[in-house]
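S.K.: Take the sequence shown: its letters are residues 976 to 1419, numbered as in our numbering.
Ideal placement from N, C-alpha and C gives every residue a C-beta, glycine not left out.
This is the structure, below, for whatever I ask next.
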Amino acid sequence: MNTKNIKSGILIGILIIGVVMISGCEVSTSTAHLTDAKSCTGVDGNKNPVGITQTFTTNTPEIYIWFSWANAPDGTGVKAVWIYETQSATITEYPLTLNEINGKGTFSLTKPDAGWPSGDYRVDIYLDNEVSKSVSFKVDESTADKEVVKEEPVSGETSGDKTTTEKEEVSAENDLKRAIALMDSGKTRLKDVSLESGAYSASKTKLKASKTDYDEALKILNGAESENDDEKNKIEIYQVVCGYTLDEIAAVQNVITCMEYFDKAFAYVGGDNIVSARSELKLAEDALKKSQPFISEAKKKSQSIDINTVPAEFKSHIQEDKDSIEKNEKMISEFSDMISGLYPFMDGMGYMLTATDYVENEKWTKAKIEFSKAFSSFTASQNKFITLKNSQFSEISVSAIELESILTKMLVAVDHFEKGCEYADKGNLKKSEEEFDKGAAEFA
């Protein structure tokens, strides 16, 4: 009896399952995405923004929207839609083709002849026909040409001196600027984090640096004092933002640990070491479980922010955070379900390999029993993936569909192998060979 085709089929099945899981089931940020966007008055020679601001005058010569991107295939299209929110009117839109994987670019509009209408504006930047970033800014009446009125000093005062009733208002303006700069730096690093195999070390470094940025920003905000109500509101909001972002960082750190164990698990499966594979899978599952309390706490904190109290220029950023955290919480939960579906798969592979050893030694009854156990295990695994086929997340549903399809083929193959054992046990080697060949053909 030639068992070469049987064992080759089993190993091919292992390889296919491993590739699908490692490439498709990651909670990943590796697809094309915009990493940052800001309104400014220009860019320098290195394509970095100059004069970053959310407030322009009616006489500003040109308004720029600077943005950066990562992991964009050559030819990726983006589009900027300029909106005058005060009148709910679309001003114009500009398409642009990205020709670099990672890079920086700008959209801009020059001042109309009559000057910019005062009011609120927003620029939506689309990536793959979906809004990826929104930048809000406002235009105030220009003070450049307004008459400067000099008040005469009150009798007994010298011009420029404060009256005895004037007080210097305590302001947190500088602290807010420092904190926002650190938060922007941390967020940019977070956007570059990838959970792809081979990128774990670099991502860990970015996460550590991002954590430092947010830790330092939170320290500044905790020590900031102000008598200005707007500044007080900003301080409170940004303290919450730092809090939920630090929780999210902790969650992602555990997800990366999960993926490292996950990759090792399938490396062991490929080497027929099912015991070690199961051990690594358990460690992956444990790491993923550790991430869940952090992402849940991040969600709780983000939802505590009333979006209506957020300054206009930051509303889109915080809403994006809220949506992203909620999505990641659900994805982590479903990925955990997917990992639990791999335990019976690994058990099944172990039974298959044991059965193959029995086949090689022509112990047909024992081989048939092991193939039967494998069939039951693969069925349990398949049922788990069937429940995930309708996930709202393509990262989960596509992988579940592929895995369920592969397991369907493996179940057909195992059924043929069982029959092959039955025929061989009865002495009908020709029929047995045919069944084994049919089973191995499922992996061709």
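1) Quick check on the DSSP output: the beta strand (DSSP E) that includes E1288 runs from which residue to which?
2) Suppose the cutoff is 8 Å on Cβ atoms and the five residues either side in sequence are ignored; what does the same chain contact list for Y1443 look like?
3) My parser needs the alpha helix (DSSP H) runs of 4 or more residues fully inside the region 1319-1375; what are they?
4) From what residue to what residue does the alpha helix (DSSP H) around E1235 run?
5) Starting from T1162 and walking both ways along the alpha helix (DSSP H), at which residues does that stretch end?
6) By Cβ distance, which residues of its chain are closer than 7 Å to Q1294, with the 5 residues on each side in sequence left out?
7) Can you check whether the CB of D1167 is closer than 8 Å to the CB of T1010?
8) Pick from G1218, F1418, I1249, V1285: whose alpha carbon is nearest that of G1323?
9) Rounded to the nearest angstrom, what separates N1203 and D1095 at their Cα positions?
10) Could you pull the DSSP bridge partners for R1097 from this structure?
11) Report the rounded CA-to-CA distance for F1350 versus E1370, giving the unit in angstroms.
12) Distance, Cα to Cα, T1081 vs M1313?
13) Express the C-alpha separation of R1253 and G1246 in angstroms, rounding to a whole number.
14) Give me the residue from K1364, Y1236, H1292, V1227 with the minimum Cα distance to E1304.
15) Using only alpha-carbon positions, find the residue among V1215, S1251, K1265 that is nearest to C1233.
16) Evaluate V1389 with the Cβ neighbour count: other Cβ atoms within 10 Å of its Cβ, from every protein chain shown; 16 or more gives buried, anything less gives exposed.
17) What's the gap between the Cα of E1417 and the Cα of K1384?
18) Within this structure, are the beta carbons of W1041 and P1024 separated by less than 8 Å?
19) Under a three-way DSSP split, which group does A1199 fall into?
20) Please look up how many angstroms separate the CB atoms of S1352 and F1392, rounded, as I've assumed it's under 8 Å.
21) Confirm, please, whether the CB-CB distance from D1099 to V1053 is below 8 Å.
22) Closest to K1359 by CA distance: which of N1403, I1344, S1146, S1311 is it?
23) Helix, strand or coil, according to DSSP, for I1381 in the structure here?
24) How would you call E1122, buried or exposed, if buried means at least 16 neighbouring beta carbons within 10 angstroms?
25) On a CA-only basis, which of A1375, Q1367, F1368, K1348 is nearest I1361? Give me that one, please.
26) What residue from E1235, S1109, V1106 has the CA that sits closest to K1257's CA?
27) State the DSSP-derived secondary structure class of K1413, mapped to helix, strand or coil.
28) How is the alpha helix (DSSP H) around P1070 delimited, first residue to last?
29) What's the C-alpha gap between D1222 and T1163?
30) Using the C-alpha atoms, what's the distance from Y1189 back to S1160?
31) To which residues does DSSP link G1017 through a beta bridge?
32) How far does the alpha helix (DSSP H) with A1252 in it reach, from first residue to last?
33) Using the C-alpha atoms, what's the distance from A1355 back to N1021?
34) Can you tell me whether DSSP reads G1080 as helix, strand or coil?
35) Since S1043 is in the beta strand (DSSP E), which residue starts that stretch and which ends it?
36) Can you name, in chain order, every residue of its own chain whose Cβ lies under 7 Å from the Cβ of T1061, other than the five neighbours on each side?
M.R.: Considering the structure as presented:
1) Not the beta strand (DSSP E): E1288 falls in the alpha helix (DSSP H), residues 1287-1315.
2) An answer regarding residue 1443 cannot be provided, because it is not within the stretch 976 to 1419 covered by the chain.
3) 1339-1361
4) 1204-1245
5) Here residue 1162 is Lys; the residue named in the question, Thr, does not match the sequence. First-last of the alpha helix (DSSP H) with K1162: 1148-1166.
6) I1282
7) yes
8) I1249
9) Each residue's alpha carbon lies about 22 Å from the other.
10) I1058, S1111
11) 27 Å
12) 41 Å
13) If I take the Cα positions, the gap works out to 13 Å.
14) Each of K1364, Y1236, H1292, V1227 was checked against the Cα of E1304, and the nearest Cα belongs to V1227.
15) The residue from V1215, S1251, K1265 with its alpha-carbon nearest to that of C1233 is K1265.
16) So V1389 counts as buried.
17) One C-alpha to the other measures close to 6 Å.
18) yes
19) Of the three classes helix, strand and coil, the one that applies to A1199 here is coil, per DSSP.
20) That pair is no contact at about 14 Å.
21) no
22) The option with the nearest alpha carbon to K1359 is S1311.
23) helix
24) Here the model assigns E1122 a pLDDT of 41, short of 50, so the residue's position is not dependable, and the following value carries that caveat. Answer is exposed; the Cβ neighbour count stays below 16.
25) Of A1375, Q1367, F1368, K1348, the residue nearest in Cα terms is A1375.
26) When only C-alpha atoms are compared, the closest one is E1235.
27) helix
28) Run containing P1070: none in the alpha helix (DSSP H); it sits in the beta strand (DSSP E), 1064-1073.
29) 17 Å
30) Here the alpha carbon of S1160 sits roughly 9 Å from the alpha carbon of Y1189.
31) Paired residue(s): V1025.
32) 1249-1278
33) 56 Å
34) Reduced to three states, the DSSP call for G1080 is strand.
35) 1037-1045
36) G1094, D1095
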